[in-house]
Each structure stands twice: as C-alpha cells, then as structure tokens.
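Each residue of the sequence shown is one higher than the one before, starting from 424 at the first, in the numbering used here. All residues carry an ideal CB built from backbone N, CA and C; glycine is no exception.
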Amino acid sequence: MTLFNLPPYLDWPAQLCLFSTLATYVASIVTKNASQVDRLWTFLPTIYTAYYALLPLLPNAQPFMLVPYAPKELGWSTVKDFSPRALLMFSLVSTWMCRLSYNTYRRGLFNLKEEDYRWAVLRKQIPTWLFHVVNLSFIAAIQNILLLLLGQPTHTASVLQPHTALALSDYALAALALVILALEFTADNQQYAFHAYKHAYFAKEKGIASAKAYDPKDHWPGARLAWTPDDAKRGFITRGLWKYVRHPNFSCEQDFWWIITLFPLLSPSAPNLPHLSLSELLPAIRTTITSILNPALRQTLIESLRATLLPLFYHLLPAIALSGLFFSSTLYTEAISSSKYPEAYAAYQKRVGMFAPTVTFTKGLRLKFLDGVKEEKEVERLVWGAVKED
Numbered sequence: 424m425t426l427f428n429l430p431p432y433l434d435w436p437a438q439l440c441l442f443s444t445l446a447t448y449v450a451s452i453v454t455k456n457a458s459q460v461d462r463l464w465t466f467l468p469t470i471y472t473a474y475y476a477l478l479p480l481l482p483n484a485q486p487f488m489l490v491p492y493a494p495k496e497l498g499w500s501t502v503k504d505f506s507p508r509a510l511l512m513f514s515l516v517s518t519w520m521c522r523l524s525y526n527t528y529r530r531g532l533f534n535l536k537e538e539d540y541r542w543a544v545l546r547k548q549i550p551t552w553l554f555h556v557v558n559l560s561f562i563a564a565i566q567n568i569l570l571l572l573l574g575q576p577t578h579t580a581s582v583l584q585p586h587t588a589l590a591l592s593d594y595a596l597a598a599l600a601l602v603i604l605a606l607e608f609t610a611d612n613q614q615y616a617f618h619a620y621k622h623a624y625f626a627k628e629k630g631i632a633s634a635k636a637y638d639p640k641d642h643w644p645g646a647r648l649a650w651t652p653d654d655a656k657r658g659f660i661t662r663g664l665w666k667y668v669r670h671p672n673f674s675c676e677q678d679f680w681w682i683i684t685l686f687p688l689l690s691p692s693a694p695n696l697p698h699l700s701l702s703e704l705l706p707a708i709r710t711t712i713t714s715i716l717n718p719a720l721r722q723t724l725i726e727s728l729r730a731t732l733l734p735l736f737y738h739l740l741p742a743i744a745l746s747g748l749f750f751s752s753t754l755y756t757e758a759i760s761s762s763k764y765p766e767a768y769a770a771y772q773k774r775v776g777m778f779a780p781t782v783t784f785t786k787g788l789r790l791k792f793l794d795g796v797k798e799e800k801e802v803e804r805l806v807w808g809a810v811k812e813d
C-alpha cells in the first residue's frame, strides 16, 4: 500500500514532499525564519527529476519510508532501461540547479540566519496567528507541492512514454533551454553587480574607508555595465536585461520550466500535444463551430473537450502553477518596491513590462505617441537617468 493510497509513481515523491513540508515548517518555527523552503528550492526539483530519470538504478521494493524505489507497478519496460528524453531533461535541470545554487550561495541565502525580505515585511503586515497559517499552508506546504510538480514532466517522459531515441523537438528544446539559462545567469550577474556598485557608492559617499571599492573585473562578462551615480540613487536596477523586462530572471525561470514541461508533449510519442495538419485542422474547426450552434450537439462537444483538455491541463499543470506563483509573488515584490521608491518605480512600471519584452515595446510606443514627448522624457529620466530637457 502506498502513502495515502496514491498511484505508485507518486509514492516516494509524496513521502519526500510530506517530510520536507513538515521539516521546513518545524525549522521555521524553531529558528523564527520562514525561508527554509527557499534553501531547498534549488535541490528538490532536481531530486524529483532524478528520481524519475534514474528509475532503473533503484530497487523495486522499499525497505522503509523515504528510501527511493521503483515500484514494479510502473512496468518492466520503465524500470529495466533508461529514457533518453528523461536523461536529457535531468541534465538540463541539473544545470539549472548549478546556476541557482551558485546565485543562492553568493547572496548568502544558504546561511540559516538569512531570511527572504518579503517574509519579514509580511510578518509586520499581518497578525502573528495569520502569518503562522500562511507559513504552514503556503510557504511550507504549497511551495513543496509545487516543487514536486516540477518533476512530473520527467515522469511523463520516463514512465508514460516509450523509451525511444531523441527526436528533433528534444534537440531544439534543449538548445532553447540552454539559451534561457544563459540569459538567466546573465540577469543574476547584472543584479549582483548592480548591488555591489550601489553598496560601494553609498559607502564612499558616507566616507567609510574600509568599504571595498567597486571593480568591474570582479564580475562576470555581461554584467560589467557602465553604472552611474543615478543608478545607485534610484535604488533598483534598470540596465542590461533589466531594460527590457522588470524581472528578466523571473521571466527566464518560467520559460525554462515551460520548456521542461513541453519536452514530452512536443515529442512524437504519446501522451503528447495533438499534431494536426492544416487539412485536419480546418474540418475540426468546422465541426466545433457546428456543435456550438447546434444545441443537440453541445453536450457532445463539451464531453469531447473535457476528454481532450483535462489530460492536457494535467500535463501543463507544473508550468501553469509555477507561472501563477511567480505572477502573484512578483505583484507583492513590486508593491514593496513601490513603497520604497514610489516615483521611480511607478515610472519603471510605466515604461517596462513585467515579464515580456513585447509589453515593453508597446509601453514605449504608448509613451511616444499617446502620452507626449514631455511625459516620455520624464519617465525615461526617472528610469534610466537621462538628462531632462526643458
């Protein structure tokens, strides 16, 4: 019998998820620090992905709780050999883990005394009892469940699909994932370099002789930008990739997990997205329109859509859930930023999109053609420190 009578493929991941939820919640109470899940965020998706990708290495029986195993119910073909697609996904997620671990380490967030500033702000905004509810339900439980979900695309590739050779879609998605990780790494480095410059600038202004001077050579290529005093005084980064979206690191993070989610769905093997040619698509659209207009056929259409869309939603759920988390948490992050830099951050929001460069482009057009030259120059002065002209 599995934990909570879950399907065998979820038994060990659910055990780990439950243990991690309880452990991080108890640790947060003992340490009075709610960032315990944050420290595991870099590792848990990789562990869940590794579990499904490396099933042939595991025993078929579990000697005791929390020991990973490959249940016989998964099928002989699943546990006897490796899925090339799952192994490729695992290698990409491992690369993602290295990037995130490096950024977490240099920011000091592996230090057990460090806490995400948003939890500290939230603790001051709501009653203590409500913060404990949020801590248990969202910070500990929901985030751990989400991290488990991020391993499910590899489950699809390893358990539900045949272990065939890699397809063209796999190579294309892998290349795109590496580009996204390179952009995310660059965004991380630019933000880190900006804060190094900002702290060095204000230390110099205060006459702190012991403070380390900013040296561009200490930072990665792509992050050695021409920072100015205006950048430091503004308080937040708007240059480099941050010129095109307000959160390039968050945008790339979502893109990466959407790519991982799409690996099995874009492959030639089922379960995957329907591959309809134009000759097949047009009759399908015609049939759908006819069913909508004909009351006698609507119920059949609804049942057909449910049978098609519900499985698709299940396979897309990891990416959808992650994007939902990032959107809601970014709104809260920006509310904090707006309270610290009300005028400048409002201008940044008016000029630059949250996640999509296309939104930034349309915002620029609106400023130029609808809001007028004077407003455009004032917004860009606040955002990039441009010289204001009379």
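Touch test, the region 679-691 against the region 608-617, Cβ-Cβ under 8 Å, three pairs minimum
No, the region 679-691 is not in contact with the region 608-617.
N-terminal and C-terminal residue of the alpha helix (DSSP H) that T651 is part of
Within the sequence shown, the letter at position 228 stands for residue 651. Neither: T651 is in no alpha helix (DSSP H) and is coded neither H nor E.
Is G776 helix, strand or coil by DSSP?
The residue labelled residue 776 in the question sits at position 353 within the sequence shown. Three-state result, G776: strand.
Please tell me whether V602 and L497 are closer than 7 Å, where the distance is taken between their beta carbons.
The residue labelled residue 602 in the question sits at position 179 within the sequence shown. The residue labelled residue 497 in the question sits at position 74 within the sequence shown. No, Cβ-Cβ distance for V602 and L497 is not below 7 Å.
So, are the CB atoms of M512 and T469 less than 7 Å apart?
Residue numbering aside, residue 512 sits at position 89 when the sequence shown is read from its first letter. Residue numbering aside, residue 469 sits at position 46 when the sequence shown is read from its first letter. Between M512 and T469, the C-beta spacing is not below 7 Å.
Assuming contact is defined by CB atoms lying nearer than 7 Å, are A744 and L467 in contact in what I supplied?
For the purposes of this step, residue 744 is taken as the residue at position 321 of the sequence shown. For the purposes of this step, residue 467 is taken as the residue at position 44 of the sequence shown. A744 places its beta carbon 7 Å or farther from that of L467.
Would a C-beta distance cut-off of 7 Å place F807 and T661 closer than the cut-off?
Translated into the one-based positions of the sequence shown, residue 807 becomes position 384. Translated into the one-based positions of the sequence shown, residue 661 becomes position 238. It is worth fixing the name first, because residue 807 is Trp in this sequence and not Phe. Between W807 and T661, the C-beta gap is smaller than 7 Å, which places the two residues in contact.
What alpha helix (DSSP H) runs, 4 residues minimum, are completely inside the region 501-532?
Entirely contained in the region 501-532, the alpha helix (DSSP H) runs reaching 4 residues are, in chain order, 507-529.
Between which two residues does the alpha helix (DSSP H) holding E607 run?
Counting from 1 along the sequence shown, the entry for residue 607 is found at position 184. E607 -> alpha helix (DSSP H) spans 591-628.
For V668, which beta-bridge partners are listed by DSSP?
The residue labelled residue 668 in the question sits at position 245 within the sequence shown. Answer is G776, bridged to V668.
Under a Cβ-count criterion, where at least 16 other Cβ atoms within 10 Å of its own Cβ denotes burial, should W435 be classed as buried or exposed?
By 1-based counting over the sequence shown, the position of residue 435 is 12. It is buried - the Cβ of W435 has at least 16 other Cβ atoms within 10 Å.
Nearest-angstrom Cα distance between P576 and A779?
Translated into positions along the sequence shown, residue 576 becomes position 153. Translated into positions along the sequence shown, residue 779 becomes position 356. Going by the C-alpha atoms only, they are around 24 Å apart.
So the alpha helix (DSSP H) Y448 belongs to, where does it begin and stop?
Position 25 of the sequence shown, counted from the start, is the residue given in the question as residue 448. Bounds of the alpha helix (DSSP H) holding Y448 are 431-454.
Just checking my contact of V502 with N483 at CB under 8 Å: how many whole Å lie between their CB atoms?
The sequence position of residue 502 within the sequence shown is 79, counting from 1. The sequence position of residue 483 within the sequence shown is 60, counting from 1. Confirmed, Cβ separation roughly 7 Å.
Using DSSP with H/G/I as helix, E/B as strand and the rest coil, what is E757?
Sequence index remark: in the sequence shown, residue 757 carries index 334 (1-based). E757: helix per DSSP, three-state reduction.
Is it buried or exposed, L699, if we count other Cβ atoms within 10 angstroms and call 16 or more buried?
Taking the sequence shown and counting its residues from 1, one reaches residue 699 at position 276. Bear in mind that the predicted position of L699 carries a pLDDT of just 47, short of 50, making it unreliable; the figure below should be weighed with that in mind. Taking all protein chains shown into account, L699 has fewer than 16 neighbouring C-beta atoms within 10 Å of its C-beta and is therefore exposed.
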